[in-house]
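For this note's numbering, add 1 to where a residue sits in the sequence shown, where the first one is 1.
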Amino acid sequence: MRIERIHNGIVLDHIKAGVGIKILGLFPTDMLKSKIDYASYIESPRLGMKDIIKIENLDVDPKTLTKLALISPSITISIIRNGQVKEKIKPELPPVVEGVITCNNPKCITLKEKYLTSKFKVWLEDSKVRQQCLYCEHIAKSS
Ligand SMILES: [Zn+2]
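And the structure:
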């Protein structure tokens with residue numbers, strides 16, 4: 002599949018194969034007015050298979066970068082301006098993530114007490130992201 006070049010926007014590359022669709026869900030629906038190229042299960046020398054997404058006229062904020070790293074730790078983000086790569090970002094998983102993830106333990110206090118900001122300890126295990134709620138100690142595994 003040929004992926005077109007974009008002039009201004011972002012290129013999300015080295016996404017774990019199959020999770021690109023989850024990543025598209027992170028962006029506001031306004032994005033749907035932009036031109037998007039999404040290719041899934043492309044051969045990659047580094048990952049075996051990968052997804053790649055190009056979105057025109059979109060930027061990423063630091064919170065979104067953290068979310069991207071949580072969904073696919075292998076991701077790289079290129080910021081494209083005037084047809085050139087202006088910046089290449091490899092987001093790091095922070096040791097603790099606040100206010101980004103919702104605990105999936107139905108008994109967790111953060112679900113009842115809405116004023117609490119969720120806090121998760123995050124680490125990689127067998128190249129999968131593990132996240133532990135610092136309130137109830139529930140451990141969740143994502144992608
Ligand atoms: Zn919890």
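Backbone N, C-alpha and C define an ideal beta-carbon position, used for all residues, glycine too.
- The Cβ atoms of S35 and A18 do not sit closer than 8 Å to each other.
- DSSP places I110 outside any beta strand (DSSP E); the residue lies instead in the alpha helix (DSSP H), whose first and last residues are I110 to K113.
- Annotation for S79: V12, V86 and K89 place their beta carbon closer than 6 Å to its own, counting only its chain and skipping 5 residues before and after.
- The Cβ atoms of V101 and K64 sit closer than 8 Å to each other.
- Exposure of P29 is indicated by the presence of fewer than 16 other C-beta atoms within 10 angstroms of its C-beta.
- By the neighbour-count definition (other C-beta atoms within 10 Å, threshold 16), I81 is a buried residue.
- Within the DSSP secondary-structure output, G49 pairs in a beta bridge with S45.
- Per DSSP, K23 is not a residue of any beta strand (DSSP E); the alpha helix (DSSP H) it occupies stretches across G21 to L25.
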